[in-house]
Structure formats: C-alpha cells, structure tokens
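*Asks:* Residue numbers (the numbering used here), protein chains in the order written: chain A, 92 to 198; chain B, 4 to 124. We put the beta carbon where it would ideally sit given N, CA and C, even for glycine. Keep in mind the model is a prediction, meaning the values are calculated, not measured.
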Amino acid sequence: DIQMTQSPSFLSASVGERVTLSCRASQNINKYLDWYQQKLGEAPKLLIYNTNNLHTGIPSRFSGSGSGTDYTLTISSLQPEDVATYFCLQRNSWLYTFGAGTKLELK
Amino acid sequence: QVTLKESGPGMLQPSKTLSLTCSFSGFSLSTSGMVVSWIRQPSGKSLEWLAAIDWDGDKYYNPSLKSRLTVSKDTSNTQVFLKITSVDIADTATYYCARSPGSSGWYFDFWGPGTMVTVSS
Chain A
92 DIQMTQSPSF LSASVGERVT LSCRASQNIN KYLDWYQQKL GEAPKLLIYN TNNLHTGIPS
152 RFSGSGSGTD YTLTISSLQP EDVATYFCLQ RNSWLYTFGA GTKLELK
Chain B
4 QVTLKESGPG MLQPSKTLSL TCSFSGFSLS TSGMVVSWIR QPSGKSLEWL AAIDWDGDKY
64 YNPSLKSRLT VSKDTSNTQV FLKITSVDIA DTATYYCARS PGSSGWYFDF WGPGTMVTVS
124 S
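Printed below as a string of structure tokens:
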C-alpha cells in the first residue's frame, strides 16, 4: 500500500497569510494526487485534482504543485472560510489512500 | 445538478450485514467513464476508500476488505449499493458515496452528505 504522510497535522495561521500544506507519498505517485477540504460536519469537497488542476468553482487562492513523492497545497491569502481539515488522496495505485489530514485554524 | 445521497440502517449489531444505498441524480452511471465509489470515515479520523463500480459494471475493492464487500448498481443506473458482511465495532463510521467523472481521472468531484452507521450490541 502507498502511505500518505501529511504535515503539519495542525496549523494555526492569520487571515491574509500564505499557507502551505504538504503531503508525501511512500513511493512515486506520478502526480495522481488530489486535495480535499472538509469542514466540520460536512462531506469532503474537491479542491485540486491531478496535482495542480483547480476544480470548478474553487477560488484561485488555492493552488497545488508537486511531483514524484512530494506535493503541496498552497492558500495564497488565508480567509476565515478556509478553516477546515485538508486531506490529500493518491490515485496512482488501485488501493486509493488518503493522508491523515491537516487541521487548519485561524490564529 | 449532480447530487448524491446515502441511506443506511443507522445502527446494527455486530456480525450482521450492513446494506447501504447511494441514490444520485444529475448524471447517469451508464455514461462512459463514470464511476461511483464508497468511502468511509470513523469519527475524528481520516478517510478510507472501500469500493467502486464503473459505467461498464466493473467492480473494484479495497484489498484489505474485499472478502466482506459487495458493490452493485441498479438497472436504471441511478443507484449504487454496498454490502458489508460480518460487521464489527470497527465498521462504525460515516459512509459516503462519491462520483468520479472519469474523463480526466477518478478523482471524487461530487460527494453525498454521508450516512452515519453505528455497530453496537
């Protein structure tokens, strides 16, 4: 199984701050990496697919990058509505696996 | 617009079979490339992909749970089902169904709100 390690587990940041979340795979996942946002009590929502493709309707302050085993989700200017837990998902192997999540809070 | 909604028993006893239904609208599972998956999430924990069925009826399972899972769809291609046999407390979770459009990958672009399942005696 491909293991996905997200860091940090918790992040506290201020409104307007640039935020970077990381996801590392245990092997090359060939950019088959998505990012999901989950607010408390809600279903996950797709933000980014295939490393750097912004899903329809997602604000442009969200962006993704990476290759090989290392991937990043960046929020260019944190907004109050971005408070959530963020999960990465690898789809390179048939056992899709999610990371443990990064919980993002406002400072 | 695309919507999905899960339904299930809410609570069941250990060793029983869990039956879940995903009802959806706004797309047809008969459309080439379309896929519906089941994903679960224990309270406060991460997500686990369980199974998927595609437009052609091909089925895909999480190897660690494969012996207990059965995914199927109805003939009208508007519902997908998941059965999990011999449930135990570890199967307590919120269960989601999600769509993959298939055109550029099997990412999950639409999700249902989830249905909570508690396994308890």
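Is Leu124(A) closer than 7 Å to Gln181(A) when the C-beta atoms are compared?
*Replies:* Here residue 181(A) refers to the residue found at position 90 when the first sequence is read from its first residue. Here residue 124(A) refers to the residue found at position 33 when the first sequence is read from its first residue. Yes, Cβ-Cβ distance for Gln181(A) and Leu124(A) is below 7 Å.
*Asks:* Any Cβ of chain B within less than 7 Å of the Cβ of Pro200(A)?
*Replies:* Not covered by the structure: residue 200(A). The range shown for chain A is 92 to 198.
*Asks:* Between Gly192(A), Thr160(A) and Val110(A), which lies nearest to Ile120(A) when the distance is taken from Cα to Cα?
*Replies:* The sequence position of residue 120(A) within the first sequence is 29, counting from 1. Nearest option by C-alpha distance: Thr160(A).
*Asks:* Answer with yes or no whether the minimum CB distance from Trp109(B) to chain A is below 7 Å.
*Replies:* Looking up residue 109(B) in the second sequence gives position 106. Yes, Trp109(B) lies at the interface with chain A (some Cβ there is under 7 Å from its Cβ).
*Asks:* Let me check understanding here. Comparing Cα to Cα, which of Gln170(A), Leu112(A), Gly132(A) and Pro135(A) lies closest to Thr142(A)?
*Replies:* Taking the first residue of the first sequence as position 1, residue 142(A) is located at position 51. When each option's Cα is compared against that of Thr142(A), the closest is Leu112(A).
*Asks:* Quick check: what's the CA-CA separation for Met119(B) versus Ser46(B)?
*Replies:* Looking up residue 119(B) in the second sequence gives position 116. Looking up residue 46(B) in the second sequence gives position 43. Near 9 Å, if we compare the C-alpha coordinates of Ser46(B) and Met119(B).
*Asks:* From the beta carbon of Ser70(B), is the nearest beta carbon of chain A less than 7 Å away?
*Replies:* In the second sequence, counting from the first residue as 1, residue 70(B) sits at position 67. By this cut-off, Ser70(B) is not an interface position.
*Asks:* Going straight from the alpha carbon of Ser35(B) to that of Asp59(B), what length do you get?
*Replies:* Here residue 35(B) refers to the residue found at position 32 when the second sequence is read from its first residue. Here residue 59(B) refers to the residue found at position 56 when the second sequence is read from its first residue. Using only the alpha carbons, I get a separation of about 8 Å.
*Asks:* Would you identify the three-state DSSP class for Glu108(A), choosing helix, strand or coil?
*Replies:* On the first sequence, position 17 is the one that residue 108(A) refers to. In the structure shown, Glu108(A) sits in coil (DSSP, three-state: anything other than H, G, I, E or B).
*Asks:* Just reading off the beta strand (DSSP E) that Ser100(A) is part of, what are its end residues?
*Replies:* The residue you call residue 100(A) lines up with position 9 of the first sequence. It is not in any beta strand (DSSP E) - Ser100(A) carries neither H nor E in the DSSP assignment.
*Asks:* Near Trp52(B), what residues of its chain come up, given a Cβ to Cβ distance below 7 Å and the 5 sequence neighbours on each side ignored?
*Replies:* As a working mapping, residue 52(B) is identified with position 49 in the second sequence. The answer, listed in chain order, is Ser40, Ile42 and Asn65.
*Asks:* Take every Cβ of the region 9–21 of chain B, pair it with every Cβ of the region 83–94 of chain B, and state whether three or more of those distances are shorter than 8 Å.
*Replies:* With a cut-off of 8 Å, the region 83–94 of chain B and the region 9–21 of chain B count as touching, because enough Cβ pairs lie within range.
*Asks:* What are the start and end residues of each continuous alpha helix (DSSP H) run of 4 or more residues lying completely inside the region 107–170 of chain A, in chain order?
*Replies:* none
*Asks:* Starting from Trp41(B), trace the beta strand (DSSP E) in both directions and tell me its first and last residue.
*Replies:* Counted from its first residue, the second sequence places residue 41(B) at position 38. Membership of Trp41(B) in the beta strand (DSSP E) is indicated by the continuous run Val38 to Gln44.
*Asks:* Provide the residue(s) that pair with Val122(B) in DSSP beta bridges, ordered along the chain.
*Replies:* Within the second sequence, the letter at position 119 stands for residue 122(B). Leu15(B).
*Asks:* Going along the region 25–45 of chain B in order, which residues come within less than 7 Å of chain A, judged by CB to CB distance?
*Replies:* none
*Asks:* Can you tell me where the beta strand (DSSP E) with Tyr99(B) in it begins and where it stops?
*Replies:* Against the second sequence, residue 99(B) aligns to sequence position 96. Its beta strand (DSSP E) spans residues Ala96 to Ser103.
*Asks:* Which whole runs of the beta strand (DSSP E) in the region 49–85 of chain B are 3 residues long or more, in chain order?
*Replies:* 51–57, 62–64 and 72–76
*Asks:* Can you tell me where the beta strand (DSSP E) with Thr24(B) in it begins and where it stops?
*Replies:* Within the second sequence, the letter at position 21 stands for residue 24(B). Unbroken beta strand (DSSP E) run through Thr24(B): Leu21 to Ser28.
*Asks:* At a Cβ threshold of 7 Å, is Tyr99(B) touching chain A?
*Replies:* Numbered from its first residue, the second sequence carries residue 99(B) at position 96. It does; some Cβ of chain A falls within 7 Å.
*Asks:* Please say whether Val174(A) and Leu197(A) have beta carbons closer to each other than 7 Å?
*Replies:* If you number the first sequence from 1, residue 197(A) lands on position 106. If you number the first sequence from 1, residue 174(A) lands on position 83. Going by C-beta atoms, Leu197(A) is nearer than 7 Å to Val174(A).
*Asks:* Taking 8 Å as the threshold, find out whether the region 93–105 of chain A comes into contact with the region 147–156 of chain A through three or more Cβ pairs.
*Replies:* no
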